[in-house]
Structures are given as C-alpha cells and as structure tokens.
Amino acid sequence: MIEAQGLSRHYGDFVAVRDVTFEVGEGEIVGILGPNGAGKTTTIRMITGFLPPSNGRVRVYGRDLFEDPAEARRDIGYLPENVALYPEMRVSEYLRYRAQLEGMRGAAAKSALGETVERCLLSEVKDQIVGTLSKGYRQRVGLAAAILHNPRVLVLDEPTVGLDPKQIIAIRELIRDLGKRHTLLLSTHILPEVELLCGRVLIIDRGSIVAQGTPQSLRERWLGNAVLRVVLKGEAAGAEARLQAMAGALAVRREAGATAGESALLVEHDHGQDLREPVFRLAVENGWVLLGLGAEKASLEDIFVRLTTHDAAQEPARAEEIVQ
Amino acid sequence: MNGIRATLARELRAYFFSPLAYAVLTFFLLINGFVFWLIVSFLSNPRSPGGAPAELFFGQTVFFWLVLLLITPAVTMRLLAEERRSGTIEVLMTAPVTETQVVLGKYFAALVFYAFLWLPTLIYIGFLARYSTVDWGPIGSSFLGILAIGAVFLAVGVFASSVSRNQVVAASLAFAILILLFSFGLLENLFNQPWLKQAFSYLDVWSHMDDFSKGIVNTRRLVYCVSLSAFFLFLSARSLETNKWR
Numbered sequence: 023m024i025e026a027q028g029l030s031r032h033y034g035d036f037v038a039v040r041d042v043t044f045e046v047g048e049g050e051i052v053g054i055l056g057p058n059g060a061g062k063t064t065t066i067r068m069i070t071g072f073l074p075p076s077n078g079r080v081r082v083y084g085r086d087l088f089e090d091p092a093e094a095r096r097d098i099g100y101l102p103e104n105v106a107l108y109p110e111m112r113v114s115e116y117l118r119y120r121a122q123l124e125g126m127r128g129a130a131a132k133s134a135l136g137e138t139v140e141r142c143l144l145s146e147v148k149d150q151i152v153g154t155l156s157k158g159y160r161q162r163v164g165l166a167a168a169i170l171h172n173p174r175v176l177v178l179d180e181p182t183v184g185l186d187p188k189q190i191i192a193i194r195e196l197i198r199d200l201g202k203r204h205t206l207l208l209s210t211h212i213l214p215e216v217e218l219l220c221g222r223v224l225i226i227d228r229g230s231i232v233a234q235g236t237p238q239s240l241r242e243r244w245l246g247n248a249v250l251r252v253v254l255k256g257e258a259a260g261a262e263a264r265l266q267a268m269a270g271a272l273a274v275r276r277e278a279g280a281t282a283g284e285s286a287l288l289v290e291h292d293h294g295q296d297l298r299e300p301v302f303r304l305a306v307e308n309g310w311v312l313l314g315l316g317a318e319k320a321s322l323e324d325i326f327v328r329l330t331t332h333d334a335a336q337e338p339a340r341a342e343e344i345v346q
Numbered sequence: 070m071n072g073i074r075a076t077l078a079r080e081l082r083a084y085f086f087s088p089l090a091y092a093v094l095t096f097f098l099l100i101n102g103f104v105f106w107l108i109v110s111f112l113s114n115p116r117s118p119g120g121a122p123a124e125l126f127f128g129q130t131v132f133f134w135l136v137l138l139l140i141t142p143a144v145t146m147r148l149l150a151e152e153r154r155s156g157t158i159e160v161l162m163t164a165p166v167t168e169t170q171v172v173l174g175k176y177f178a179a180l181v182f183y184a185f186l187w188l189p190t191l192i193y194i195g196f197l198a199r200y201s202t203v204d205w206g207p208i209g210s211s212f213l214g215i216l217a218i219g220a221v222f223l224a225v226g227v228f229a230s231s232v233s234r235n236q237v238v239a240a241s242l243a244f245a246i247l248i249l250l251f252s253f254g255l256l257e258n259l260f261n262q263p264w265l266k267q268a269f270s271y272l273d274v275w276s277h278m279d280d281f282s283k284g285i286v287n288t289r290r291l292v293y294c295v296s297l298s299a300f301f302l303f304l305s306a307r308s309l310e311t312n313k314w315r
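Here the protein sequences come in this chain order: A and B. Each number in my numbering corresponds to the 1-based position in the first sequence with 22 added. Each number in my numbering corresponds to the 1-based position in the second sequence with 69 added.
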C-alpha cells in the first residue's frame, strides 16, 4: 500500500511534478498514464525513493520512505524505465547480486532465485551473459530482479517500451500474473495497456494529475453520453428528425465522410440505456435499409487526447507560469 | 553490511573480468619490471654509491610515484561514474542499502585489486633473496606503506568517480587532486616559517614512503593515511547522496 501526499519536484525553475496526491490500495493494479515528459518517471522515482521530493511525502505500508528508507524499500520491487543491467554478468550472477543487495542469503536466496527464474521464464538464458540478451529478455531479467525478494508492492516504469509486439504480449501476461500476487503501480503511455491491465488509472499531464478513476468511470465522466452509430442505405432524408423524436435519444448528428451511398447517424443517449431495438423498429416503420447498428465504444484514447491536448494559444501562458 | 558485501563481490568480479584490469596489470608490471632492472643494473655498477635495491624500488625513485599517480585513477574511475552513466545506480539507490555501504564496498574492491597489482613484485624480492641477503623488515614496512598510500589515492579516485558520470573526467579529476596532494610535500621548501614547514612536511607523501621503505613505521603516518582516506570516502558518500538533488 502506497500513499503519496502532495508530491512536488522542481528542477531549478522547472516544475516537473506539482502537488501529486494518490493512494494505491492493497492488491490494486494502478496505471499512471501520461504523454512523454508529463512527469511519470519523476513521480515513480519519488515513490521508489530514488529521488527525494521537493515537497510532500511517501508512505509505504505506513512507513515514511525518507525517514525509514531501509525498511520501507524492502516492500518495494522496482523496474526502472531503462532497465540498466551490468552487461558483463551472467543472468544468474546478476540475480544473485540483487538478492544479496536485498539482504537475502543461503537457502532462502537460492530457492527464491530458482522460483523467480521459473516464473519469469528465464531458465534457458540463466547462464548467458546479460550483454548478449535481447531487449525482451533483459526486461524479464529486470522484472525477475524486482520480484526476487517478494516485495508487497511492484513499481514498473514503462515495462513494455521498446519491445516488439510478441514480447509485449509476453511481458503483459507476466505482469498480469504478477498482479495476482503483488500490489502493482505501473506507468505507461500506451493506452490499450492500461485498459488491459489496470483497475484504476491516474492520468498525469504537465506534472499534475488531471483525472483518476477506473477506465469505465473515466469514460462516463469525460466522454459524456453513450453513442449509438446507425448506418442506413442511401440519403435517408429526414432520418435525423425521426431518430431525434425517439424516446431516450438526446441528440443526433450526421457523421461526415461516410461511404458513398450510405449515411451514418450518431445517436447520443444515456449510459445504461439500449436504443438498438427502438432504432430497428423505426427503420422497419420507415422502410430504411439498416446496414449497421452498434455502440460507438469510446476509448480511453479519446479521454487521454482530450485531457492532454492543449490549444496553441494556451501554450505561451503556461510557459510563463513555469518560468515564474 | 549487505550493501558492502554485495557491491564488493560484484566489483571484484567486474575487475577480474574486464579487459581494462589486465591492461592496467600489464602496464604496471612492464614499468615496474623496467624500473627494477634499471635499479639493479645501476647498483651493480662498481662505481655506483650503493644502496638497498628494494628500498630504492619502493618509493625512492620518481618512477614509483609516476606509476602510482597514473594507475590509481585508472583503477577507480569506473566505480561510480559508470553506475551513473548506465543508470544501474537507480537500482542500487532504491535497494535497502546506504550510500556509505555502496562506497565502502566499491572502495574495498579497488583496494583488493590494487594489492593484487603489487603481488607480482614479490618475485623481485625473491630474486634479491636468491642472489643476496634481504632485510625483511623494510620489505614488510614497504608493502604496508604501499597499501597505506594506495588507500589514500584510491579514496581520492572513488571520490572523483562519484562526482562525474564520465570515466575520463573522473580519472582526470582524480589525477589532478593527486598531483595537488603530492605537490603539497614539495611546498615545504617554499616556506621559512617552521610551523608551515612542519605542516607541509606532514602532508608530504613522498617522505611518508621514504620512511616506510627504510623500515620506519610511524603511527602518525598511518593515522594520516587512514584519516585522509576516510575523509574522501565520506565526501564520496555525500556526493552520491547529493546527486539525487540535481
């Protein structure tokens, strides 16, 4: 369990992170989402105790990370953004070194090592020199090292960055599996990853949290009404008015750039309401040829873009703010 | 303790598996072998003033210092600079170990490797013992002196490595500090005030080594070496800590 309270970090005049407060509860999988340079890594580094915050505090299971670092750090397993390993070591040597750093020794270290190698599917490369490994394997070695001491919390900074699609799937599977045993905090700029893995999301932009909640609640909050997309054959003149008149329909607009000979209409309605049947009946009544009918699934991507895109006009004002 | 043990073991492995270590070792032995040959052939000239070859070899020639001043920065430059450059420092500083433990672990590894560098010079002593009589007292104190002064130089090197993320910068900085430290002894002759003269002669590493090579073990000299090493190691740990704030 992690509590971050009012975390800020300045680099000279530049404010990298501003007053970030959040909590990661026991067993949760929380994603930090943000564009590059938003302050994700800085936030993560403060949570793991690598960077001291300019303001604010971090508690890990009630222990302050900067007053009681030795104990608090034991509860955290950390995979940094650029998984830096010693290239001249063998995988098993490196893992043994990390186990030693965590204060593990003897039989306990040995069994933890064996188990971790199995869990992270590293058996076939455990005698290889780290420098010769592919990026995907290096990522796995980093993950293995982070979970060796069986920490209660795992913090992963961009765990899938720079991997090929197959490796990404493998690492995600591994992360999902880890989520069953550990509390997880992971940062990413890849949206589907968050949808796939995380129970809760923090969206961070320019050093501040701009939204947080479950992917579902974010969708409802930030994207307004649910949308039903109706595709009809031909011009379907007058269809807008008829659809608008339907009970439950809040607004109707015609989608621009539909395929020739078709028209697509977007019907907004409240969440939890199903308008598909009434639309079908309306089509039958009016003799429209219904080509398509489906809920427009709003993605987190739209929210993300909406929250983190800034008007060019706003840009200079913000920049001045930072300089001051 | 975990921090010291883990980093010490890792660094030792890194020393003995890296090509740099063998380059340093070769260079070191080549120069020392040449110097030893020079000393022996000089002394075997009937017209030479005579003297003990081991004494001359350990610290009484400028070669000894040249080698020491060049070797120690090369031994230590990688230690912390490389951790920072490659980013492995992040893992180290988020593990339940302290900066002091990390610095000490790396320092001891450098000290062990340094001692290993000197090990083959025992062969020279073996040669001397075969063809003449060797006074073992001064030999022992010479090795003690080499270790004591090396300890200071390596601590300076560790500090320089903690300041930069570039190994070349770290080595240059270490070299500069060592030259400064080394020249303190020479300043002795610039002053007339007795207390200044005394202060600088206390700092003079050359006269330290002179004493050691003659078999004089002065606790004051040892205290000087230990406290100066501790001072630079303390600075290294603090420097590692302040890196976070930048």
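For each residue, glycine too, the CB sits at the ideal point set by N, CA and C.
Review point. What number of angstroms, rounded off, separates the C-alpha of B/LEU186 from the C-alpha of B/LEU94?
Key: 6 Å
Check your understanding: Since B/ALA224 and B/LEU242 are thought to touch, with beta carbons under 8 Å apart, how far apart are those beta carbons, to the nearest angstrom?
Key -> With 8 Å as the limit, B/ALA224 and B/LEU242 do not qualify as a contact, their Cβ atoms being about 13 Å apart.
Review point. Name the chain A residues that come within less than 9 Å of B/SER87, Cβ to Cβ?
Key: GLU110
Practice item. Give a yes or no on whether the minimum CB-CB distance between B/LYS175 and chain A is below 8 Å. Key: No, its Cβ sits nowhere closer than 8 Å to a Cβ of chain A.
Point to revise | Bridge-paired residues (DSSP) for A/ARG85 | key: A/VAL82
Point to revise | 8 Å Cβ cutoff, A/GLN336 in contact with chain B | key: Interpretation of A/GLN336 is limited by its pLDDT of 45, a score under 50 that renders its predicted location unreliable; no figure is taken from the coordinates.
Point to revise | Proximal residues of chain B, C-beta to C-beta of A/ASN4 below 8 Å | key: What the structure shows of chain A is the stretch from 23 to 346, and residue 4 of chain A is not part of that stretch, so it cannot be assessed.
Exercise for review: Report the neighbours of A/THR70 on chain B: residues whose CB is nearer than 7 Å to its CB, in chain order.
Suggested key: Correct list: THR163.
Check your understanding: How big is the Cα-Cα spacing for B/SER308 and B/GLN236?
Key -> 16 Å
Practice item. Count the CB pairs spanning the stretch 238 to 254 of chain A and the stretch 207 to 218 of chain A that are closer than 8 Å, and state whether there are at least three. Key: no
**Study point:** First through last residue of the beta strand (DSSP E) which encompasses A/LEU178
**Key:** If you look at A/LEU178, you'll find it in the beta strand (DSSP E) that goes 175 to 179.
Exercise for review: Could you pull the start and end residues of the alpha helix (DSSP H) that B/ARG234 belongs to?
Suggested key: It is not in any alpha helix (DSSP H) - B/ARG234 carries neither H nor E in the DSSP assignment.
Check your understanding: Residues in its own chain within less than 8 Å of B/SER117 by CB, not counting five upstream and five downstream?
Key -> So the qualifying residues of the chain are PHE111.
**Study point:** CB contact check: A/MET318 to chain B, cutoff 8 Å
**Key:** The question names Met, but residue 318 of chain A in the sequence shown is Glu. No, its Cβ sits nowhere closer than 8 Å to a Cβ of chain B.
Point to revise | Closest by C-alpha distance to A/LEU200, when choosing among A/ILE169, A/THR331 and A/GLY71 | key: A/ILE169
Check your understanding: When you compare only the Cα positions, how much space is there between A/VAL177 and A/LEU101?
Key -> 6 Å
Check your understanding: Taking the alpha-carbon positions, what's the A/LEU250 to A/ARG40 distance?
Key -> 39 Å
Review point. If the cut is a Cβ gap below 9 Å, which residues of chain B does A/ALA288 touch?
Key: The sequence shown places Leu at residue 288 of chain A, not Ala. In chain order: nothing, as chain B lies at least about 48 Å away.
Practice item. Tell me A/ALA286's beta-bridge partners as DSSP assigns them. Key: A/VAL253
**Study point:** Through-space distance from B/ASP273 to A/VAL163, alpha-carbon basis
**Key:** 50 Å
Exercise for review: Indicate the three-state DSSP secondary structure (helix, strand or coil) for B/PHE105 in the structure shown.
Suggested key: helix
Practice item. Give the straight-line distance between the Cα atoms of A/ALA263 and A/VAL274, rounded to the nearest whole angstrom. Key: 8 Å
**Study point:** Residue-level contact to chain A via CB, B/VAL93, 8 Å cutoff
**Key:** no
Practice item. Would you mind sorting B/SER201 into buried or exposed? The rule is 16 or more other CB atoms within 10 Å of its CB. Key: exposed
Exercise for review: Grab the span of the alpha helix (DSSP H) containing B/SER280 for me, first residue to last.
Suggested key: With the sequence shown as reference, residue 280 of chain B is identified as Asp, and Ser is not the correct amino acid for it. From DSSP, the alpha helix (DSSP H) with B/ASP280 extends over 274 to 282.
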